Structures are given as C-alpha cells and as structure tokens.
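A.B. asks: If you number the sequence shown the way the numbering used here does, the last residue is 1024 and the count never jumps.
Even glycine gets a Cβ: it sits at the ideal position worked out from N, Cα and C.
As the structure is a prediction and not an experimental result, all values here were calculated from the model.
Handing you this structure, nothing more for now.
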Amino acid sequence: MKNLLFILSAFTFLSCASQQTVDNSVKEIVFRNVTVIPMNKNEVLTDQDVVVMNGKITAIGPTSKVRYGANAMVIDAKGKYLLPGLAEMHAHVPPVDDIEPMKDVLKLFALNGVTTIRGMLGHPRHLELRSKIQSGEIMGPRFITSGPSLNGNSVKTREDATTMVKDQKKAGYDFLKLHPGITKENFAAIAATAKEVGIPFAGHVSFDVGVWRAINAGYATIDHLDGFVESLVPGIENMKEQETGLFGLFLADKADESGIQKLTDSLRNHHIWVVPTQALAERWFHPAKDPDALGKEPEMKYMDVNTVNNWINTKKSLLNNPNYKPATVTRLIEIRKKLINACNKNGVGLLLGSDAPQVFDVPGFSIHHELRYLVDAGLTPYEALKTGTVNVGKFLNREDIGVIKAGAVSDLLLLNGNPLTDISQAHNIEGVMMGNLWMPKGYIAAELKKLEKK
Ligand SMILES: [Zn+2]
C-alpha cells in the first residue's frame, strides 16, 4: 500500500512537472544528448549537451564533456532535435486600446515555437507591451513593432509625411509600416525624413510608387512580394490601380517572367530583405482552396467565430469579384513561387513571415504553413528554416539570435523529428524555450486547450 501510494504520488508529480513551465533564471536547464541544428552552418551536431541559464546558452559540447550544477534540470533529449526558435516577421498584434486581447495572440505564437515577432500594424499601447514583454511581466515572443500605418488616408500631404515619421521616431517605434495608397511625392517625403531621423520603413509598395522607386529608396523589407508581379507586366505604368488587384492578382497572366532576374539582382544590390507571406496568397487567393473548408480546419478553433466568418466572407467576395479569373490567380501563385525561389538563388535575403492573424492565417500555426510553401517554391528545408532563424539575427544585427552557440539567446525548439529532412517536423514540438521560460509539451497542450474558443 505504501509503495502504491509512493508510485501514485510520483506519477502525479511527474505528470504535473510535464505541464509546468521552468524558469532558467533560477535553475540551469540541460538538453542532454540532443542533436543540435545550429543554423549558422548547414550541419547537425549529434550527442550534444546544451546548457541554458538566464536566457542564454551558457555551454554546448559533446555529451558528458559539458559541466553544469548539481541542481540543474536535465531533459533527456536523446533522439530529439534542437533548433533555434522561429520568427514571424509579418505578425499582427491587435491594434486596440486594451492589452488583454493581445496576450492570447502572443501566446499562440509562443506555443507554436515562434520566439520573435515583428508587429506590422502598430498602436501606442504596443510600446508598453514591448517593454512589459522585455521585463517579463507579460509572456510573449521578442517584439519588434512598427508605429500606426502610413497610407493614402493618413498621409495626404508632404507635411503629414514628415510629421508622422518624426512623431513615430520620437515615440520609440522600431520602424514605419507603409500601406497602399501613398503618392510618389509623399513617399519621397517619408523616405527622406526617415533617413534624416534614422528610422527604417517597411511593408507594402504603393501602386503610384512602384517597386523600382521602393528599391532605390531603401525599404528595410518589402512584404508580400508587393509590386513584384506588377513590375513584370509590360505597360503597367499606363494602367490604373483598380485593374491590377492586390499584389497583381488580376493581371498575372500578363507578367513577363524574363524580368525576374533583373528584379532580384536589384533587390540584392540594394540589400532589400523580402518577406513573402506566401501563406496569405495561397490560402486567401487560391481558387482550389475552398473558403468553407479552410474555415473548418482544426486550428480555426483558436480564433473567434466572427473572425473566421469574416475570413470566409472575405475569400468568397474575392472569388465573386468579376475581375477574379481562377487561371490568372493560379498563374499568380506559380509566379510568386518562382520569385521566392529566384530571390533565394540570387542572394536576396528572405525572412519568414505569413501575415497572422489575417485571412486564414492563425498565429503560430501559419508560420509552419509558410515554411512548407517555401519548400514547395524550391528552397531546401535548411534554406527555409534560415529565413526564420539565422537570417532574422542578421536582419536585426544580432549575432546572438537565430543560432545555437554559446552566448546566443536561449530561444529554442525541442523537436521530435528532423526538420532538415521533413519540414513539417518543425511543428512536431516537444518543448519551447523562450528566453527564461521552458514550456514542455504538456504545458503547451494545456494552454492551447484554454485558448480554444467556444
Ligand atoms: Zn500584414
């Protein structure tokens, strides 16, 4: 009886332990006997011990050769893979006055292995959110944020442009987010002022601006491949914006693919990073993906019903648009794949971003779709993973982000399979280490359960 009680209580302890987070600022954590995918080289290191403490990787080396304290928590990771945490470089945190709804979105990212996000539609409260994440008061991925949108409505004059840029720099946003509708004159004022005060700008390319002017002005990132397909269409300068559709949706059949080389050469020579958000195009635009079926995917249970219904209606109204031609849109998706592959082959820096939460892209889940779309476009799994790890560190000028080495931040994914041979294994998560916080599989499952909407 005594033995049985002991076994029972030991079992309860173990099952609780597997559902609890562990803070590595109070205790060293050791991933023992793990296969490391360091991402600064295309190699794997087998039978390694990786020690993390206080949000950093403190030691890495062959199993049993690495020292750590007697109190360390040791995770037996034999047969498992350790990958740097992923980034969603085109994320949306709700731009609302209340911080509460932001927390669920942050959690969805973290529980799916996303340890860095770049917020693409800023709000004054995002500055507060950023500092609360930094201090550990709010649990969430490292947060880089733009200010409120610069677009055709918010920027009507050159004065609007200079005022907004200066104000956002002063407020402390990390970069400016550009949306459609900006004239080339106002864009010139944005770019000049941004350069003067020292703040990067990124996002959409307005139709009047066009991709060549955008490249020359020095976007930090061009997102969604915006303006790319349009630039391949002969005579585009004589067309109206309404004829093109979002991202060239209605005129992809007129694109001349021989222009891809010149475009990617120019992007590379001007050091413009590209965030494709192919998941958005595939899931929102593709004629073969039925909106009702997308709305029934298991991950949709983490979004509220109104949001999912809006997404279904958004896609249905696109499909019913008289300018929507399934064959043209299918061609658009194919050209986008060629553009992504050409960027990769020609040395243009790619960053992983899926645009979540936007049309059928659920935070955290959609980044794994994006990885698969990059592989479908022709990248190897290693090249796809680079866009969400080591490339992010390069983009941020941080050698300690997106790699596994001593001194790097302890943002890590413990995986049950090798993502270098099968990209879907990046979502086969045994646990996530985000800075100080270790989240084992049991905790992740329990927290996801809590986030399900009724
Ligand atoms: Zn977006």
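Please confirm whether any heavy atom of ligand 1 lies closer than 8 Å to the CB of Asp796.
C.D. replies: Looking up residue 796 in the sequence shown gives position 226. Result no, Cβ not under 8 Å from ligand 1.
A.B. asks: Can you grab the Cα-Cα spacing for the pair Val606 / Asn998, in whole Å?
C.D. replies: Taking the first residue of the sequence shown as 1, we reach residue 606 at position 36. Taking the first residue of the sequence shown as 1, we reach residue 998 at position 428. Each residue's alpha carbon lies about 16 Å from the other.
A.B. asks: Go to Lys626, then tell me how far its beta strand (DSSP E) extends in each direction, as first and last residue.
C.D. replies: Translated into the one-based positions of the sequence shown, residue 626 becomes position 56. Looking at the DSSP string, the run of the beta strand (DSSP E) that includes Lys626 is 626–632.
A.B. asks: Touch check for the region 918–925 and the region 808–821: three-plus C-beta pairs under 8 Å?
C.D. replies: Because the criterion of three Cβ pairs below 8 Å is not met, the region 918–925 and the region 808–821 do not touch.
A.B. asks: With respect to the beta strand (DSSP E) encompassing Lys747, which residues constitute its N-terminal and C-terminal limits?
C.D. replies: Within the sequence shown, residue 747 is the residue found at index 177, counting from 1. Taken as a continuous stretch (DSSP letters only), the beta strand (DSSP E) holding Lys747 covers 746–748.
A.B. asks: How is Tyr789 classed by DSSP in three states: helix, strand or coil?
C.D. replies: Translated into positions along the sequence shown, residue 789 becomes position 219. Of the three classes helix, strand and coil, the one that applies to Tyr789 here is coil, per DSSP.
A.B. asks: Taking the straight line between their C-alpha atoms, what separation do you get for Ala758 and Val775?
C.D. replies: Counting from 1 along the sequence shown, the entry for residue 758 is found at position 188. Counting from 1 along the sequence shown, the entry for residue 775 is found at position 205. Cα-Cα distance, rounded: 13 Å.
A.B. asks: Taking 8 Å as the line, does the beta carbon of Asp793 fall inside it for any heavy atom of ligand 1?
C.D. replies: For the purposes of this step, residue 793 is taken as residue 223 along the sequence shown, with counting starting at 1. Answer for Asp793: yes, Cβ within range of ligand 1.
A.B. asks: Going by the C-beta, is Met690 closer than 8 Å to any heavy atom of ligand 1?
C.D. replies: The residue labelled residue 690 in the question sits at position 120 within the sequence shown. At least one heavy atom of ligand 1 is nearer than 8 Å to the Cβ of Met690, so yes.
A.B. asks: For Asn967 and Pro892, what's the separation of their Cα atoms in angstroms?
C.D. replies: Here residue 967 refers to the residue found at position 397 of the sequence shown. Here residue 892 refers to the residue found at position 322 of the sequence shown. So the alpha carbons of these two residues sit roughly 46 Å apart.
A.B. asks: Give me the residue from Pro896, Thr877, Met873, Leu850 with the minimum Cα distance to Ala858.
C.D. replies: Position 288 of the sequence shown, counted from the start, is the residue given in the question as residue 858. Checking every option, the nearest Cα to that of Ala858 belongs to Pro896.
A.B. asks: Report the partner residues of Tyr651 according to the DSSP bridge assignment.
C.D. replies: Residue numbering aside, residue 651 sits at position 81 when the sequence shown is read from its first letter. Paired residues: Thr605, Leu985.
A.B. asks: Determine the direct distance from the alpha carbon of Lys648 to that of Lys1011, and round the result to whole angstroms.
C.D. replies: The sequence position of residue 1011 within the sequence shown is 441, counting from 1. The sequence position of residue 648 within the sequence shown is 78, counting from 1. Whole-angstrom Cα-Cα distance: 16 Å.
A.B. asks: Kindly indicate if chain D contains any beta-carbon less than 9 Å away from that of Leu966.
C.D. replies: The structure shown contains no chain D; it is built from a single protein chain.
A.B. asks: Please classify Gly1012: does DSSP put it in a helix, a strand, or coil?
C.D. replies: For the purposes of this step, residue 1012 is identified with residue 442 of the sequence shown, where counting begins at 1. In the structure shown, Gly1012 sits in a helix (DSSP, three-state: H, G or I).
A.B. asks: Whole angstroms is fine: what's the gap from Pro933's alpha carbon to Ala657's?
C.D. replies: Mapped onto the sequence shown, residue 933 falls at position 363. Mapped onto the sequence shown, residue 657 falls at position 87. Answer to the nearest angstrom: the Cα atoms are 11 Å apart.
A.B. asks: Of the choices Trp1008, Lys677, Gly865, Arg695, whose alpha-carbon is the least far from that of Val666?
C.D. replies: Start at 1 with the first residue of the sequence shown, and residue 666 comes out as number 96. Per the Cα distances, Arg695.
A.B. asks: Under 6 Å Cβ to Cβ from Lys886, same chain only, skipping five residues before and after it: list those, please.
C.D. replies: Within the sequence shown, the letter at position 316 stands for residue 886. Excluding residues within five positions, the ones whose Cβ falls inside 6 Å are Pro861.
A.B. asks: Starting from Val1002, follow the beta strand (DSSP E) in both directions and report where the run begins and ends.
C.D. replies: Position 432 of the sequence shown, counting from 1, holds the residue named residue 1002. Per DSSP, Val1002 belongs to the beta strand (DSSP E) from 999–1004.
A.B. asks: Is it true that the CB of Gly797 sits closer than 9 Å to the CB of His840?
C.D. replies: Working through the sequence shown from its first residue, we reach residue 840 at position 270. Working through the sequence shown from its first residue, we reach residue 797 at position 227. No, the Cβ-Cβ distance between His840 and Gly797 is not below 9 Å.
A.B. asks: Taking 8 Å as the cut-off, does the CB of His660 come closer than this to any heavy atom belonging to ligand 1?
C.D. replies: Within the sequence shown, residue 660 is the residue found at index 90, counting from 1. Result yes, Cβ under 8 Å from ligand 1.
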